[in-house]
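Protein chains in written order, with this note's numbering: chain H, 1 to 429; chain X, 1001 to 1429. Presented below is the structure to which this report refers.
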């Protein structure tokens, strides 16, 4: 169905505004002075009643000393897929992207990926060792790390295997599962450069090993150049200390690179002169090609986007008319410069409205407002970043990389919107 | 003790960096190759052991389908002060500013201020009425509101009574209590202008009444000009739906203005030609002066700042040497342009380092790194905003406004740091 490899753009801000004004709230409008009546499409729109919550005192302050969502939002949670992995200790739970908006992920809903479950670290016994090709090996307590100069940076964090099941065609029914291994929070921490400067690097230093304190002792090799560029040794997310499942008390933040390298419960940094070739960078987190060779050290998460609403878990509830399509985009190479949207499976594209802050290597939120005629749609989004890179189709990726890998699938996602408003994960050829 | 009304500045970035390098991690350094030993000030620094969390599988994914902080952070909670108010249903719980960093407040820790407790609203029964001097009265369901074009904006929200007890001198021992009625999150919502455009304003429309759905039916008058400028009808904070205590499902966001106007559980917006002079803008939320007259409609929260660490609840744990002082600043009139810090009760000032995003009408995070000689300190911060406004001393404010009010105290806060590292709330004259 998809024909045009290059975007064709058509901007109609004026028409969109008109559509909004003419197509929407007519359903809720009533004749002035005659009281409020029901509108089309809102059959249960009744005049304001005096509900229970307006009749009596509610719960007092600090009864919930730490807040939580309304009981009516109890379905907005991280979810795992039991058949996807052998155990829940080495598994993933997904962020409910379809039920969120904006570009900051709330702390309760950051996706999880563990290799030996959640290490529950006592901060008093926490230590971070820095050794190897350094002038002065160092051992830090958590208080040491908190005493240092620190910075605050918003970054996305995406698992290399996000969308990994989709290499072999449309598989999982909802953006929570197809794309929910990504989050974006404000991280606070010390730059790794500060620690390395303190230890002093030997002249032959070229690589670092990051090791986690969980029972898997998760290890990854990190090039020194990246370590000195923008890597953080972070201990806070959105202001408060990391949650246990996100690496409490200290994790690595490797901006723009695959989340497997963002080692949690970080206990050791070794400086060496070559990569270590440990399990997670040989057997795993490499991209096996058709010819039997594997791409290794494929760190950067390239530009990607997904429409979060409508999507299979967030169908349209109206029959036609003014519709807001919304989604997220991100790039491990810098800022998102543009997002395009197609309603017809990639034949025609229009530029989406990016709203809210646009940060380097962070999620951005986009919207596309249009007049839905009530017919079937094949909706797609396509991200572009400041390097000029354009998010490819899944088939363009498959031509080059085959379908052996479960990593680094940043192909364009298609949702099929039915006349009923229901949405399904599909592929277009 | 304070002498200079005007700032004297002294920037020394080079010296600061030197201080950091020379004064810090020496305490944790050890001779290369000889294993790790204890350092000064870190007597319990032991070589990495193999703690329990590295020996066994942790809890699996999605066991906590909605995340929460580590058990070791259980003291980082909202707290109320029982003697401060007559009941907990009309009271306040304070954000633990001393235990946070960055400029985004995590959703679990947003301060509360209720007038009849927390309304627990069923979103299916939620309605928002818009009526009065409009062409077309409207009644919105939550789905209607979610269907509209929306925007994402980070704003601070500060209670007019924040620091209110401090008008009569140093009262409360900790920035959680003196300044903890402020938060900053990313709000998502529809602009009020969108709703008003839809309804169509009569030519004599000049004021709006916002009414909450709690049993107090909290009401405030809002000038039309502000309503058309930047007010949001918001339903999300940091991406997820508002929590019940923050107005679930819909609240007003009045950027830069006192939080009492940010009506929660918003159920009604009436358009009129004059203010309503209801209780919360006559008996309360007005500033009673010495001459018996009261300032009314004092909406804007002027530039303000506070040092969050060290502070009474976050004492210094070391005896001397490299020290990071940290705090937050904000202004209801725009962006923060500079923050100065004094270590000697306002005699001498130096420019702080602002780190992280600087948004309009949002919290900014500042740091000041210095070499603490171990002696007593009188630490202060002073915010400046892009209009040129400089945060005043408390005494400067008292000269003009007296001490009858509990509102709009944005005076400079002083903390007394003792040689022991303990910190106390004090006043300097």
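Built from N, CA and C at the ideal position, the CB exists for glycine as well. Bear in mind the structure is a predicted one, so any value in this text is a computation, not a measurement.
query, result
"Backbone CA spacing between residue 1311/X and residue 302/H [nearest angstrom]", "43 Å"
"Touch test, the region 1107-1121 of chain X against the region 1212-1221 of chain X, Cβ-Cβ under 8 Å, three pairs minimum", "yes"
"Residue 314/H (DSSP reduced to helix, strand or coil)", "strand"
"Neighbour-count burial assignment, residue 1233/X, 16 or more Cβ in a 10 Å radius", "buried"
"According to DSSP, residues forming a beta bridge with residue 322/H", "371/H"
"Own chain residues within Cβ distance below 7 Å of residue 1253/X, not counting five before or after", "1155, 1187, 1189, 1231, 1232, 1234, 1262"
"Contact with chain H by residue 1255/X, beta-carbon distance below 7 Å", "no"
"Under 8 Å from the C-beta of residue 1162/X: neighbouring residues of chain H", "Neighbours of residue 1162/X on chain H: none; closest Cβ ~15 Å, over 8 Å."
"DSSP bridge partner residues for residue 1152/X (one or two, in chain order)", "1188/X"
"7 Å Cβ cutoff, residue 211/H in contact with chain X", "no"
"Backbone CA spacing between residue 51/H and residue 1327/X [nearest angstrom]", "42 Å"
"In DSSP terms, what residue 383/H is bridged to", "339/H"
"With 16 other Cβ atoms within 10 Å as the buried cut-off, status of residue 1152/X", "buried"
"Contact set between residue 1152/X and chain H, taken where Cβ atoms lie within less than 9 Å", "101, 102, 103, 104, 355, 356, 357, 365"
"Separation of residue 1063/X from residue 87/H, as counted between CA atoms", "12 Å"
"Residue-chain proximity (residue 58/H, chain X), Cβ-Cβ < 7 Å", "yes"
"Cβ neighbour criterion (16 or more within 10 Å) applied to residue 1264/X", "buried"
"6 Å CB neighbourhood of residue 1290/X in its chain, flanking five on each side removed", "1402"
"Residues that DSSP places opposite residue 1219/X in a beta bridge", "1211/X"
"is_contact[residue 215/H, chain X] using C-beta, thresh 7 Å", "yes"
"7 Å Cβ cutoff, residue 1431/X in contact with chain H", "This structure gives no information on residue 1431/X, because the portion of chain X shown stretches from 1001 to 1429."
"Pair within 7 Å by beta-carbon distance, residue 98/H and residue 323/H", "no"
"Beta-carbon separation (whole angstroms), residue 208/H vs residue 224/H, contact threshold 8 Å", "6 Å"
"Span separating the alpha-carbon of residue 212/H from that of residue 266/H", "4 Å"
"Per-residue contacts from residue 953/X into chain H (C-beta, under 7 Å)", "Here chain X covers residues 1001 to 1429 and nothing more, so residue 953/X does not appear."
"Proximal chain X residues relative to residue 226/H, where beta-carbon distance stays under 7 Å", "None at all; the shortest Cβ gap to chain X is about 21 Å."
"Chain X contact for residue 344/H (CB, 7 Å cutoff)", "no"
"Option in 181/H, 229/H, 202/H with minimal Cα separation from residue 191/H", "229/H"
"Where residue 1165/X falls: helix, strand or coil (DSSP)", "helix"
"8 Å Cβ cut-off: residues of chain X touching residue 328/H", "Those do not exist, as residue 328/H stays about 10 Å from chain X at its closest Cβ, beyond 8 Å."
"Proximal residues of chain H, C-beta to C-beta of residue 1107/X below 9 Å", "67, 68, 69, 106, 107, 108, 238"
"Counted within 10 angstroms of its Cβ, other Cβ atoms place residue 1352/X as buried (16 or more) or exposed", "buried"
"Distance CB(residue 271/H)-CB(residue 170/H) smaller than 7 Å", "no"
"CA-to-CA distance, residue 1140/X to residue 1250/X, given in whole angstroms", "11 Å"
"Where the region 1084-1098 of chain X meets chain H: residues whose CB sits under 8 Å from a CB there", "1087, 1088, 1089, 1091, 1092, 1093"
"Nearest candidate by alpha-carbon position, reference residue 354/H, set 344/H, 367/H, 346/H, 362/H", "367/H"
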